[in-house]
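Chains S and C, in that order, are what the protein sequence lines are.
Letter by letter, the first sequence follows residues 834 to 1017 of this note's numbering.
Letter by letter, the second sequence follows residues 27 to 219 of this note's numbering.
Even for Gly, the Cβ is constructed at its ideal location relative to N, Cα and C.
These numbers were taken from a predicted model, which means no experiment stands behind them.
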Amino acid sequence: MLRNTKEDYGWVAIVLHWVLALLIIGLFAMGIWMRSLGYYDTWYNRAPDLHKSLGLLTFLLLVLRYLWRMGNEMPQPSLKLSNWEKTSSRIAHTWLYLLTLIVILSGYLISTADDKSVSFFGVFSLPAAFSAIEKQEDIAGEIHEIVAWVMMGLVLLHTLASLKHHFVDKDVTLVRMLGLRKKN
Amino acid sequence: MNVNRLIGFLMLFVVAMSSPIFAADYVVDSKGMHASINFRIKHLGYSWLTGRFNHIEGTFSYDENNVEATKISIEIDPASIDSNHAERDKHLRDSDFLHVKKYPDARFVSTRVESTGAGTATLYGDLTLHGITREIQIQVTAVGGGPDPWGGYRQGFTGTTKILLKDFGIDFDLGPASTEVEFDLNIEGIRKG
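This is the structure in structure tokens:
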């Protein structure tokens, strides 16, 4: 099944979730690693270029995921959840989207602070949209770093919550995102 | 000959007013930006990378008849470093290089001047950069001076100097050809009062 049902995620939603998870966590690790590179390291210029291309890819997939979500049913949350759990889960999921967008946007504003464009794997270049703030690269850089850490905190919370569903509540929340729910 | 004496006196007065016989104080023309601190550093040993500090202010006192009494102090905003590449400038302001959050001030204060010929001198002074103060020497040439078209009086100089990055505690490895930074300085002052 490609599309979601009331009980299950379709394969498109599942693949988008895990590819984005890999990209978001991978880009965070890459950001830390590439800043530690020496000037003569082979990856000194290559890593930031790849980081930017993957960041743009993340943006495209995030938009795609949101559109897919809008055009699909959403599997119902576990019936065992209390109201505050449902509310906080909804808020957390919204912020996973928003923080990812903020990190991508601030990264874009660093690279384009002097009107330079950002290359997407050399296929096309995204031009600068906005480069009017004094020391834009510094301000955007602070936001990029701090929000990325907050985002990772939220990713940790999201992960712990999914494990709680699986091991404590013993419900299908995690397995259905893995596409492993047994159908009776 | 009272009239002649009066004319002679007036002539002397005009000369005295238009050329500074005594040391005069000048403000570096930061407003009109007729001053610049430009730097260059070798890139890999294959070319020169140039840039400048955009925000500088300063004052000097100068008497062309007593050059060795010259005094100058310049305040440099290290965060205003500009190499025409935002990502590089961000890196240069970071802790790998100038660490401007921790060391927001940089300045040069002269200590003494040695005349080295007509219109040239060696300027000694303390450069504070990256929280470290060291004596440097600047080779200075007087470019010119005189009245400007707007009622002021100006004096201008050019200078060159170089520093080793490690002398100022900047140890990010840019390669063996890139340990030294050269500076080209242009300073124009407007006489006070």
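When C/ALA203, C/ASN212 and C/LEU124 are compared, the shortest CA-CA separation from S/TYR873 is found for C/ALA203.
C/ARG66 places its beta carbon 9 Å or farther from that of C/ASP193. Identification of residues in the segment 925-945 of chain S having a C-beta nearer than 7 Å to some C-beta of chain C yields ILE943 and SER944, given in sequence order. For the segment 917-954 of chain S, the full-length beta strand (DSSP E) segments reaching 3 residues or more read 951-953 along the chain. Under the three-state reduction of DSSP, S/ASN878 is assigned to helix. Using a 10 angstroms sphere on the CB of C/ASP199, the tally of other CB atoms stays under 16, which defines it as exposed. Contact between the segment 59-79 of chain C and the segment 106-120 of chain C is present, with at least three C-beta pairs closer than 8 Å. Runs of the beta strand (DSSP E) spanning 3 or more residues and lying entirely within the segment 93-132 of chain C occur at 97-102, in chain order. In this structure, the beta-carbon distance from S/THR992 to S/SER911 does not fall below 9 Å.
Here C/PHE194 is not bridged, per DSSP, to any residue. Ranked by Cα distance from S/VAL980, the first of S/LEU942, S/THR933 and S/GLU967 is S/THR933.
Comparing alpha-carbon positions, the option among C/PHE183, C/ARG114, C/VAL53 and C/ASN64 lying closest to C/GLY84 turns out to be C/VAL53. C/HIS111 reaches chain S at ASP947 and LYS949, counting residues in chain order whose Cβ is nearer than 9 Å. Per the Cβ contact rule, the segment 913-932 of chain S is not in contact with the segment 1007-1015 of chain S (fewer than 3 Cβ pairs under 8 Å). Excluding residues up to 5 positions away in sequence, HIS884 and ALA981 lie with their Cβ nearer than 7 Å to the Cβ of S/GLY864 in the same chain.
Measuring C-alpha to C-alpha distances from S/TYR877 to each of C/ALA50, C/HIS117 and C/THR146 identifies C/HIS117 as the nearest.
Taking the beta carbon of C/ARG119 as reference, the chain S residues within 7 Å of it are ASP971, listed in sequence order. Legend: CB atoms of the segment 188-218 of chain C lying less than 9 Å from CB atoms of chain S belong to residues PHE198, ASP199, LEU200, GLY201 and SER204. Rounded to whole angstroms, the separation of the alpha carbons of S/HIS977 and S/ILE937 is 8 Å.
Using a Cβ-Cβ cut-off of 7 Å, C/ASP131 is close to nothing in chain S; its nearest Cβ partner there is about 17 Å away. Interface annotation, C/ASP55: not in contact with chain S, CB-CB separation never under 9 Å. Assignment of S/PHE963 by DSSP, reduced to helix, strand and coil, places it in the coil class. Near chain C, meaning a CB-to-CB distance below 7 Å, the residues of the segment 854-875 of chain S are GLY871, TYR872 and TYR873.
Between C/ALA132 and C/THR148, the C-beta gap is not smaller than 9 Å, which leaves the two residues out of contact. As DSSP reads the structure, C/GLU83 sits in a beta bridge with C/GLU101. Collapsing the DSSP output to three states places S/ARG1014 in coil. What S/GLY955 touches in chain C, judged by beta-carbon distance under 9 Å, is nothing: the nearest beta carbon there is about 18 Å away. Annotation for C/LEU70: GLY201, ALA203 and SER204 place their beta carbon closer than 8 Å to its own, counting only its chain and skipping 5 residues before and after. In the DSSP annotation of this structure, the continuous segment of the beta strand (DSSP E) that includes C/GLN165 starts and ends at 158-173. In the structure shown, the three-state DSSP call for S/GLN909 is coil.
In this chain, the alpha helix (DSSP H) harbouring S/LYS997 covers 969-997. Between the segment 894-903 of chain S and the segment 945-965 of chain S there are fewer than three inter-stretch CB-CB distances shorter than 8 Å, so the stretches are not counted as touching. By DSSP's assignment, C/ASP152 forms a beta bridge with C/VAL135 and C/GLU161. Secondary structure of C/ALA50 (DSSP, three-state): strand. Contact between S/VAL988 and S/ILE858 holds: their C-beta atoms lie close to 7 Å from each other, under 8 Å.
Within its own chain, the residues whose Cβ lies closer than 6 Å to the Cβ of S/LEU889, once the five positions on either side in sequence are excluded, are PHE953, listed in chain order.
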